[in-house]
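Those protein sequence lines, which keep their order, are chains G and E. Numbering of the first sequence is given in the numbering used here, commencing with residue 66 and proceeding in unit increments. Numbering of the second sequence is given in the numbering used here, commencing with residue 388 and proceeding in unit increments. A short worksheet on the structure shown next.
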Amino acid sequence: MRYSGLKVIKEALTGHNGWRPSWRNPEPKPQYDVVIIGGGGHGLATAYYLAKNHGITNIAVVEKGWIGGGNVGRNTTIVRSNYLLDGNGPFYEFSLKLWEGLEQDFNYNAMVSQRGILNLVHSDAQRDGARRRGNAMILNGSDAELLDAKGVRAMYPFLNFDSARFPIKGGLLHRRGGTVRHDAVAWGYARGADMRGVDIIQNCEVTGFRIENGKCLGVETSKGFIGASKVASCVAGSSSRVMGLAGMRLPIESHVLQAFVTEGLKPVLDGVITFGAGHFYCSQSDKGGLVFGGDIDGYNSYAQRGNLPVVEDVVEGGMALIPALGRVRVLRSWGGIMDMSMDGSPFIDKTHIDGLYFNGGWCYGGFKATPASGWCYAHLLATGQPHDVATAFRLDRFRHGRMIDEKGQGAQPNLH
Amino acid sequence: MIINHPILGPRDAQEFTYLGDAALIDRPDWQADNAAEAFHDYLYLRDNPAGEHRELWFHEQGDRSWLVVTRNTVTHDILNVELARDVARARGRRK
Numbered sequence: 066m067r068y069s070g071l072k073v074i075k076e077a078l079t080g081h082n083g084w085r086p087s088w089r090n091p092e093p094k095p096q097y098d099v100v101i102i103g104g105g106g107h108g109l110a111t112a113y114y115l116a117k118n119h120g121i122t123n124i125a126v127v128e129k130g131w132i133g134g135g136n137v138g139r140n141t142t143i144v145r146s147n148y149l150l151d152g153n154g155p156f157y158e159f160s161l162k163l164w165e166g167l168e169q170d171f172n173y174n175a176m177v178s179q180r181g182i183l184n185l186v187h188s189d190a191q192r193d194g195a196r197r198r199g200n201a202m203i204l205n206g207s208d209a210e211l212l213d214a215k216g217v218r219a220m221y222p223f224l225n226f227d228s229a230r231f232p233i234k235g236g237l238l239h240r241r242g243g244t245v246r247h248d249a250v251a252w253g254y255a256r257g258a259d260m261r262g263v264d265i266i267q268n269c270e271v272t273g274f275r276i277e278n279g280k281c282l283g284v285e286t287s288k289g290f291i292g293a294s295k296v297a298s299c300v301a302g303s304s305s306r307v308m309g310l311a312g313m314r315l316p317i318e319s320h321v322l323q324a325f326v327t328e329g330l331k332p333v334l335d336g337v338i339t340f341g342a343g344h345f346y347c348s349q350s351d352k353g354g355l356v357f358g359g360d361i362d363g364y365n366s367y368a369q370r371g372n373l374p375v376v377e378d379v380v381e382g383g384m385a386l387i388p389a390l391g392r393v394r395v396l397r398s399w400g401g402i403m404d405m406s407m408d409g410s411p412f413i414d415k416t417h418i419d420g421l422y423f424n425g426g427w428c429y430g431g432f433k434a435t436p437a438s439g440w441c442y443a444h445l446l447a448t449g450q451p452h453d454v455a456t457a458f459r460l461d462r463f464r465h466g467r468m469i470d471e472k473g474q475g476a477q478p479n480l481h
Numbered sequence: 388m389i390i391n392h393p394i395l396g397p398r399d400a401q402e403f404t405y406l407g408d409a410a411l412i413d414r415p416d417w418q419a420d421n422a423a424e425a426f427h428d429y430l431y432l433r434d435n436p437a438g439e440h441r442e443l444w445f446h447e448q449g450d451r452s453w454l455v456v457t458r459n460t461v462t463h464d465i466l467n468v469e470l471a472r473d474v475a476r477a478r479g480r481r482k
């Protein structure tokens, strides 16, 4: 069933009786070509692109809970291509280009809104850094514009420009960045994959791998054994737990990141702003709530909730940047579990076990990568070779000194 | 989270900075034949369990001692707190 304006009008006139579920709810078959573990954004995108780009449709996506119930449903919905390093830049630029055509591609309204992201700078050194980053972005085919304080003031006059401690000196504007309706991304990919014959199996937890003679033959699940020529893990946040079932230890720690939504307001903020002097970023959702977040809590956690000191730190950053926020009430806050990798960059790679593939380590930046992650993972699964823009995301890069450390923090996951 | 410091009593976790898995106490022997492999695993690989986790916290805003805190990563409950010095000595380290 394709969606269109005409269909909406027709259904409105006929009592909305013609809508059908967007995907089936099948029982698992005994054997698949590919079993993808994890029905989040990345897993569903992988299934979609395997079917669409490579014609592989004998696929199951197995999901412990319900699809889209993990980090794709718990993020701050920002998409951007403003990376500095060669290993990352082309990948995220590819991802942003896929976002730009996504809704037409999978015939689903994902509310892609390129409303612009402004990274503020508060010192001369930060301006130098922003200029360097902007040049790297342009070299990678992205867009960047360096604004002075006057330019920022014209866009957002309500910011705290003349703070004695952190005056706003300008900002790096990335106009093609923006926000996307996160749940719709999971649903759109799920529907697109299901239409092409992919089985999406919910409430099906993977409890182990069947590995014989160094080859992965399938997965043990709460719905029994499912055989597969290739098994693809895609469970960022829980990667260590799932890959631990295959006896692997990963260069990853799980950490909690909190996010917040305020009560609905009239339109006040038409883009995304990030504070350069503390960890705070903010946008306004289409419902009117301000969506904001900050840094990870900083200790290993699988709790999907954080602690109050970080809440305080985030709102202090918000108040320092936008004093008017003090009158706004926070409605909800939540935490998501991040795969924090040792260099702050992700993995899309084979493992040492034949037929077992790994995608994870997305830190707090997985959402923006969803289309490219799915595309490149599908490419790896179908062809056995990494996609051109994802060659750096190897699992063994630490062994060979080929880290992709955007922040330059070293092997300390809670600092990335 | 409140960390019950063995010397100073209950202290707010905000006074501490976090390093990670307490296995970092067991630094590999740099002269061993497999030192490169052992240091790769030591530096980059983690067990990252969901449940009980022994981890190093540094009392930066306090007495600057290192602690080994046993904490549940699913509930954030703190189950045990030891001085890292005592833990290291019990494992045969001289200091």
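From the three backbone atoms N, C-alpha and C, an ideal C-beta is built for every residue, glycine too.
Distance CB(residue i)-CB(residue j) smaller than 9 Å
i, j, result
"residue 146 of chain G", "residue 435 of chain G", "no"
"residue 156 of chain G", "residue 455 of chain G", "yes"
"residue 395 of chain G", "residue 326 of chain G", "yes"
"residue 356 of chain G", "residue 324 of chain G", "yes"
"residue 329 of chain G", "residue 370 of chain G", "no"
"residue 393 of chain E", "residue 454 of chain E", "yes"
"residue 152 of chain G", "residue 457 of chain G", "yes"
"residue 201 of chain G", "residue 150 of chain G", "yes"
"residue 133 of chain G", "residue 109 of chain G", "yes"
"residue 315 of chain G", "residue 460 of chain G", "yes"
"residue 452 of chain G", "residue 402 of chain G", "no"
"residue 242 of chain G", "residue 144 of chain G", "yes"
"residue 459 of chain E", "residue 305 of chain G", "no"
"residue 339 of chain G", "residue 136 of chain G", "no"
"residue 479 of chain G", "residue 388 of chain E", "no"
"residue 107 of chain G", "residue 409 of chain G", "no"
"residue 348 of chain G", "residue 180 of chain G", "yes"
Close beta carbons around residue i, own chain, < 7 Å, minus the five adjacent residues each side
i, result
"residue 365 of chain G", "318, 319, 320"
"residue 158 of chain G", "146, 205, 206, 207"
"residue 471 of chain E", "412, 443, 453, 454, 455"
"residue 395 of chain E", "449, 450"
Close beta carbons around residue i, own chain, < 6 Å, minus the five adjacent residues each side
i, result
"residue 412 of chain E", "475"
"residue 85 of chain G", "66"
"residue 138 of chain G", "248"
"residue 467 of chain E", "457"
"residue 429 of chain E", "415"
"residue 98 of chain G", "121, 123, 294"
"residue 266 of chain G", "93, 125, 127"
"residue 178 of chain G", "243, 244"
Residue i: first and last residue of the uninterrupted beta strand (DSSP E) it sits in
i, result
"residue 408 of chain E", "404 to 408"
"residue 259 of chain G", "Where residue 259 of chain G is concerned, there is no enclosing beta strand (DSSP E), although the alpha helix (DSSP H) it sits in stretches over 247 to 260."
"residue 340 of chain G", "Counting along the chain, residue 340 of chain G falls outside any beta strand (DSSP E), and DSSP gives it neither H nor E."
"residue 397 of chain G", "395 to 406"
Enclosing alpha helix (DSSP H) for residue i [first to last residue]
i, result
"residue 229 of chain G", "That residue, residue 229 of chain G, is in no alpha helix (DSSP H); it is neither H nor E in DSSP."
"residue 297 of chain G", "Run containing residue 297 of chain G: none in the alpha helix (DSSP H); it sits in the beta strand (DSSP E), 289 to 299."
"residue 96 of chain G", "Counting along the chain, residue 96 of chain G falls outside any alpha helix (DSSP H), though it belongs to the beta strand (DSSP E) covering 96 to 102."
"residue 378 of chain G", "373 to 386"
"residue 158 of chain G", "154 to 171"
"residue 200 of chain G", "189 to 204"
Alpha-carbon to alpha-carbon, residue j and residue i
i, j, result
"residue 473 of chain E", "residue 302 of chain G", "33 Å"
"residue 216 of chain G", "residue 337 of chain G", "15 Å"
"residue 420 of chain E", "residue 466 of chain G", "20 Å"
"residue 105 of chain G", "residue 249 of chain G", "11 Å"
"residue 463 of chain G", "residue 426 of chain E", "11 Å"
"residue 322 of chain G", "residue 344 of chain G", "12 Å"
"residue 463 of chain E", "residue 440 of chain E", "10 Å"
"residue 257 of chain G", "residue 163 of chain G", "15 Å"
"residue 127 of chain G", "residue 264 of chain G", "8 Å"
"residue 280 of chain G", "residue 308 of chain G", "14 Å"
"residue 100 of chain G", "residue 129 of chain G", "13 Å"
"residue 406 of chain E", "residue 298 of chain G", "28 Å"
"residue 95 of chain G", "residue 87 of chain G", "24 Å"
"residue 393 of chain G", "residue 429 of chain G", "26 Å"
"residue 437 of chain G", "residue 425 of chain G", "13 Å"
"residue 124 of chain G", "residue 262 of chain G", "8 Å"
Own chain residues within Cβ distance below 8 Å of residue i, not counting five before or after
i, result
"residue 187 of chain G", "231, 232, 233, 234, 341, 342"
"residue 175 of chain G", "167, 168, 245, 246, 249, 250, 253"
"residue 447 of chain E", "402, 403, 404"
"residue 352 of chain G", "329"
"residue 431 of chain E", "none"
Any non-hydrogen atom of the ligand COA within 8 Å of residue i CB
i, result
"residue 137 of chain G", "The model depicted lacks the ligand COA and carries no ligand whatsoever."
9 Å Cβ cutoff, residue i in contact with chain C
i, result
"residue 418 of chain G", "Absent here is chain C; the protein component of the structure consists of chains G and E."
Touching or not, the stretch 110 to 128 of chain G and the stretch 426 to 442 of chain G, by the rule of three or more beta carbon pairs under 8 Å? yes
Meets three-Cβ-pair contact criterion under 8 Å: the stretch 220 to 231 of chain G and the stretch 381 to 394 of chain G: yes
Answer yes if the stretch 279 to 299 of chain G comes into contact with the stretch 417 to 437 of chain G, meaning at least three C-beta pairs across the two stretches below 8 Å, and no otherwise. yes
For the pair the stretch 264 to 276 of chain G and the stretch 205 to 219 of chain G, tell me if three or more CB-CB distances fall below 8 Å. no
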